[in-house]
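A.B. asks: Before I ask anything, let me first share the structure, which is written out below as structure tokens.
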Amino acid sequence: MLVVFSGFFDFIVRGGPAMAALLFCSLVAIAVVVERFLFFAQQHVNSEALMAQIAARVELDDFAGAIAICDQNKGMLPKILKVGLVRGGAERADINEGMSLALRKGSRNLDRFLPIVGTIAVIAPFIGLFGTVLGIIRAFQDIALKGNSTPAVVAAGVSEALITTAAGLFVAVLSVIFFNYFKTRAKTFLQEMAEAAEELADMLHFRKLGEKIPDDLLSRIA
538 MLVVFSGFFD FIVRGGPAMA ALLFCSLVAI AVVVERFLFF AQQHVNSEAL
588 MAQIAARVEL DDFAGAIAIC DQNKGMLPKI LKVGLVRGGA ERADINEGMS
638 LALRKGSRNL DRFLPIVGTI AVIAPFIGLF GTVLGIIRAF QDIALKGNST
688 PAVVAAGVSE ALITTAAGLF VAVLSVIFFN YFKTRAKTFL QEMAEAAEEL
738 ADMLHFRKLG EKIPDDLLSR IA
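And the structure:
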């Protein structure tokens, strides 16, 4: 372990000052990625099973039981559905407005901290390029000091330039991958919540009219 740490530290040192900035960017990106994985893990809920349980309660006009089911589940979706159930006796427009507002508020949490990863994906190659420029400058300074341009003289500067270029691209590529992954996951989750909210609004509308929930609606939920 000590050998690995020593080799990593030597790699950072040889990369020059730009490597410190890239290391900081990579640590920030890792922190955001871990936080996002934990966040979406907390949002995990079987939406179909949840909607089926709520539908069974709504059919019996047991709104208190449906709300209790929402309280028993974690995540954003149960909270949004609870907003609609609390307004169960209101007009459909009021129910939709309440859940839409809760959905908009919750959607901000889906993209939380992702702009940081997107920014790192953009600036990491430029930091690497900055390190490349510093490495080339060092190489020319070594040539001026030594009075010759043998490979041994310029090797250190060129090595620094190549290390920072590679590190910058590596950090940028990984940041782009995770940025797009979480953006896609957030979009999918938002769509699922919107569909569930619309289905609940339909159920509450039919119950307010005193009608049975249509089978086609129940089949979409099941």
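At position 127 of the sequence shown (counting the first as 1) the number is 664 in the numbering used here, and the numbers step up by one without a gap.
Yeah, the Cβ is synthetic: ideal placement off N, Cα and C, and Gly gets one too.
Using 7 Å as the threshold, is the C-beta distance between residue 712 and residue 657 below it?
C.D. replies: yes
A.B. asks: Does the structure place the segment 578–585 close enough to the segment 612–629 that three or more beta carbon pairs sit under 8 Å?
C.D. replies: yes
A.B. asks: In whole angstroms, what is the alpha-carbon distance linking residue 642 and residue 649?
C.D. replies: Counting only the Cα atoms, residue 649 lies some 12 Å from residue 642.
A.B. asks: Does the beta-carbon of residue 647 have 16 or more other beta-carbons within 10 angstroms, so that it is buried, or is it exposed?
C.D. replies: buried
A.B. asks: With DSSP collapsed to three states, give me the class of residue 610.
C.D. replies: coil
A.B. asks: Check whether the segment 613–629 and the segment 725–738 are in contact - that is, three or more C-beta pairs closer than 8 Å.
C.D. replies: yes
A.B. asks: What residue range is occupied by the uninterrupted alpha helix (DSSP H) comprising residue 570?
C.D. replies: 554–579
A.B. asks: For residue 575 and residue 568, what's the separation of their Cα atoms in angstroms?
C.D. replies: Rounded to whole angstroms, residue 575 to residue 568 spans 11 Å at the Cα level.
A.B. asks: Between the Cα of residue 661 and those of 704, 600, 747, spot the shortest distance and give me the residue it belongs to.
C.D. replies: 704
A.B. asks: Suppose contacts are defined by Cβ-Cβ distances below 7 Å. Is residue 589 in contact with residue 740 by that definition?
C.D. replies: no
A.B. asks: Going by beta carbon distance, what residues of the same chain come within less than 8 Å of residue 663, once the five residues before and after it are set aside?
C.D. replies: 705
A.B. asks: What separation, rounded to the nearest whole angstrom, lies between the Cα atoms of residue 715 and residue 674?
C.D. replies: 34 Å
A.B. asks: Kindly indicate which three-state DSSP category residue 582 falls into: helix, strand or coil?
C.D. replies: Coil, per DSSP.
A.B. asks: Just to confirm, are residue 667 and residue 566 a CB contact at a threshold of 7 Å?
C.D. replies: no
A.B. asks: Run through DSSP, which three-state label would residue 627 get?
C.D. replies: coil
A.B. asks: If we ignore side chains and look at the alpha-carbon of each, how far apart do residue 743 and residue 626 end up?
C.D. replies: 11 Å
A.B. asks: Counting C-beta neighbours from all protein chains within 10 Å, is the total for residue 541 16 or more, i.e. buried, or is it exposed?
C.D. replies: The pLDDT assigned to residue 541 is 44, lower than 50, so where the model puts this residue is not dependable, and the model offers no usable value.
A.B. asks: Can you tell me the Cα-Cα spacing of residue 598 and residue 751, whole angstroms?
C.D. replies: 15 Å
A.B. asks: Roughly how many angstroms lie between the CA atoms of residue 645 and residue 695, to the nearest whole one?
C.D. replies: 45 Å
A.B. asks: Between the alpha carbons of residue 702 and residue 669, how many angstroms are there, rounded?
C.D. replies: Each residue's alpha carbon lies about 6 Å from the other.
A.B. asks: Going along the chain, which residues of its own chain have a beta-carbon closer than 7 Å to the beta-carbon of residue 729, five neighbours each way excluded?
C.D. replies: 584
A.B. asks: Express the C-alpha separation of residue 571 and residue 618 in angstroms, rounding to a whole number.
C.D. replies: Computed Cα separation, rounded: 28 Å.
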